[in-house]
Every structure is written in structure tokens, then in C-alpha cells.
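Note that my numbering gives residue 44 to position 43 of the sequence shown, counting from 1, and the numbers run on in steps of one.
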Amino acid sequence: MNLRFDDRSITVAVVGCGGFIGSHLLQAILCRTQWRVFGVDLDFYRIQDKLNDERCEFLCGDLADVAVVERIAQFPVVVNLAAICTPSRYMAESATVIRSNYDHPAALADACAKSGSWLVHFSTSEVYGRTAADSGLLEEDSTPVTFGPVTASRWSYATAKLLTERYIAGLSGLRWTVVRPFNFVGPYMDFMPGVDGEGIPRVLANFSSALVRGEALKLVNGGKARRCFTSVFDAIDFIFALFQVAGSAGDEAPALGEVPAVYSQAFNVGNPDNELTIAELAQKMREIYAEIRGVGVESLPAPVAVSGEEYYGEGYDDSLRRLPSVAKAERLLGFRAKTPIDVCLRDSLSWFAEHYA
Ligand code: UDP
């Protein structure tokens, strides 16, 4: 596929271009290439400065609309970042979460299979399910998955995302790549509850909000779960590694027995060097925030433990460890995330403190 970065005739469709990852991707495409962007979203506040860019066309709409889906699939490359991915909604609005994360992307996949577009679909590291505290490296193509019971509605999101992956992989004629993000963090992540969003955002935004408000950070079930936090800037570099390898792959079908480097693959995108328990994350964020504010860390409220059900509501359950194997992305794309945890947290928190000051 021709994906030369200096080719002005290429237009990439970015679905969810106004979201956290989408806004960074849009910025990177405009800076690093000569391409045009067809951007779709319902909310454009993060990308106000791009709305009049002559290389962009924006559509306010979502994948529930068949006409929107058909339009998106006219472009040769479609990056789908659209999803409901606010954890507190997985319990309270399971059916809506499932429609957003299965019905809509499945319809887009159907349209891309018909038109011949390459679909880069953002899934989630939650597809690995209810991983235990002693689980090891999660491998894209060999780690089995176990979810909690149906009464644990937290898994509504993960099961819908997993079904979408299976649907995409089983769809005849579709050229696809699946991305499984491991806790991306950075500027513009999520929202501040009560200011530009409602509900409980993901942990980074939640802890940042509490710090800015001078409130105690809440450690769900004591903060024992572990996550590998990954810079959104590394995530963008990963997408460009995909573009680069796809651009050099040509259009011919691979020879029998040959594994294509980019197509028909799911990739973990995470940073195994950045693993922390949530309690450790809270401590690091308090230290960094104290430094930003020029105060002693002891002057910030101490974290408090809360139960998952009390905090998120009935049906909450958790994954206790999510450690990505990144061997496949290294082998096939030459990509490895490189931003250390302290830099990730400082980038995010300084932005948050300034933005919501
Ligand atoms: N968590 C927490 N306090 C918060 C928000 C989240 O202790 O204010 C925990 C949550 O229970 C989970 C981890 O932090 O164990 C990561 O949660 P997040 O919502 O960021 O996303 P996840 O990685 O679970 O998809």
C-alpha cells in the first residue's frame, strides 16, 4: 500500500479524532506527513486549533449512523479510536457500552471489508480479562483469557471488545490490524469530573483531579492492582511504525506460510518497564505534584482505601496485573515504547495542573 509520508493525495480517516489518543494522532499526522485527514467525532474541544486546517475535513457524527460508516470506509486507511471507555460506565450502562464497542465497530469492519480499506482498530488490554496478581507476560497470540461472571458487569466492555476482535479476525476480505493499549497516559487524557465530564475517569485523570482539588487519592481495594503506564507519545510512534511497515509491504497477498508483518495481527502496545501498583502510582503522583507546586509531600492529604463496589458500584471487578509482552511489536515493527514512568507522569500531571488551574 502506498503510504509515503510526503504524498499529498493520501487521506486517512481518524474515527474519534477529538479524543485523547485521536487528538495526538491528528497532531502527529499533520506534523510528520503531507496527508489529509477525514476526522469523525462528536466532540472537538481538544482539537479546536485544527478545525480550520485546510488539510482536514471533520464530520460530527458517530458509528451508529450507517451513512457515517459508509463515508469513512471510502478512505484507504481507517483508524478507529471511537469507544465508550470510561470504567464507571461499564457497570451502569453495560448495554450501551456493548453497542458502542461491538455493534458499531463491527459495522465499520463490514464496510471496510467491502471497500478494501485497511482498518486499524483500537481494542484494549482488558481483553486479557480478569488476570491474577501472579500472571506473567500477556502474549497476543497465546495467552488464554478468563472473565468474571456475568454478574460482574465490569466485563461488559472487555467482552464486547474481545468479540469485535474475533469478528474482525473472522471477516473474509478485511485488511486489519488490532491495537491493544496498555494504560496510555499523557496530556488531554480523559476529563476532570464535574468540569468537562461526569463519572469516574481512569486512574491517572482521577488522581490528577484529586491532587488539583486537594482531596485524598482513593485506592480501590487498597491499590494492590498493577498496571504498566505507557506514554501516549510512544503510542503515536507505534502507529507510525505501523504506517511505515504497511507502506513498505506492497499490496500483494503474502506467500503461503508467510506471516504478514502488519495485517491480520493484534499488537500489545504497552511499556513493561513502567509497571507500578496503584498505591505506588499514588505515591509517585503525590511526590511529582508536590514538586510542581513547590510544597512538601506531607502537606498533601494521605491516600485512603475504598472498596471497589463502594467506589464504582455493584458489578465492579478487577484485573490485578497486566504486563504486556512487547516482543511481537519489536520483532515485526522494530517498535518499543521508551518513555520512563517518571516522564510519563510528569508530562501528564503538569499538563493537567496547568489546564485545570
Ligand atoms: N483505581 C483506583 N483509584 C481510582 C481509579 C482507579 O485505585 O481513583 C484503580 C482501579 O480499581 C484499577 C486501576 O486503578 O485497579 C486502573 O484503573 P483504570 O480505571 O485506570 O483502568 P483499567 O486499567 O482498570 O482499565
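By construction, the Cβ of each residue, glycine as well, lies at the ideal position given by its N, Cα and C atoms.
| query | result |
| --- | --- |
| Roughly how many whole angstroms lie between the Cα atoms of residue 345 and residue 273? | 13 angstroms |
| Tell me whether residue 39 sits in a helix, a strand or coil according to DSSP, three-state version. | strand |
| Thinking C-alpha only, which one of 64, 165, 28 and 57 is nearest residue 267? | 165 |
| Using only alpha-carbon positions, find the residue among 305, 43, 60 and 173 that is nearest to residue 107. | 173 |
| How is residue 62 classed by DSSP in three states: helix, strand or coil? | coil |
| Flag residue 204 as yes when its Cβ comes closer than 7 angstroms to any non-hydrogen atom of the ligand UDP, and as no otherwise. | yes |
| Using the three-state DSSP reduction, which class does residue 5 fall into: helix, strand or coil? | coil |
| Would DSSP call residue 10 helix, strand or coil? | coil |
| Measuring only the C-alpha atoms, how far is residue 82 from residue 103? | 13 angstroms |
| State the DSSP-derived secondary structure class of residue 306, mapped to helix, strand or coil. | strand |
| I'd like the span of the alpha helix (DSSP H) that includes residue 207, first residue to last. | 204-214 |
| With a threshold of 16 other CB atoms inside 10 Å of the CB of residue 277, please say whether the residue is buried or exposed. | buried |
| Is it buried or exposed, residue 247, if we count other Cβ atoms within 10 angstroms and call 16 or more buried? | buried |
| So if DSSP puts residue 266 in a beta bridge, which residue, or which two residues, is it bridged to? | 178 |
| Note down the Cα distance separating residue 70 from residue 14, rounded to an integer number of angstroms. | 11 angstroms |
| Taking all protein chains shown into account, do 16 or more other C-beta atoms lie within 10 angstroms of the C-beta of residue 339, making it buried, or fewer, making it exposed? | exposed |
| Please report the distance separating the alpha-carbon of residue 294 from that of residue 136. | 38 angstroms |
| Does the count of Cβ pairs from the segment 152-167 and the segment 310-321 closer than 8 angstroms reach three? | yes |
| Who are the Cβ neighbours of residue 226 in its own chain at under 6 angstroms, not counting the five residues just before and after it? | 279, 319 and 321 |
| Who pairs with residue 228 in a beta bridge, going by DSSP? | 277 |
| Rounded C-beta distance between residue 211 and residue 191? I'm assuming under 8 angstroms. | Contact doesn't hold; Cβ gap of about 13 angstroms is too wide. |
| Per DSSP, residue 165 is paired with what? | Per DSSP, none; premise fails for residue 165. |
| Closer than 6 angstroms by C-beta to residue 78: which residues in its own chain qualify, once you throw out the five before and the five after it? Chain order, please. | 13 and 119 |
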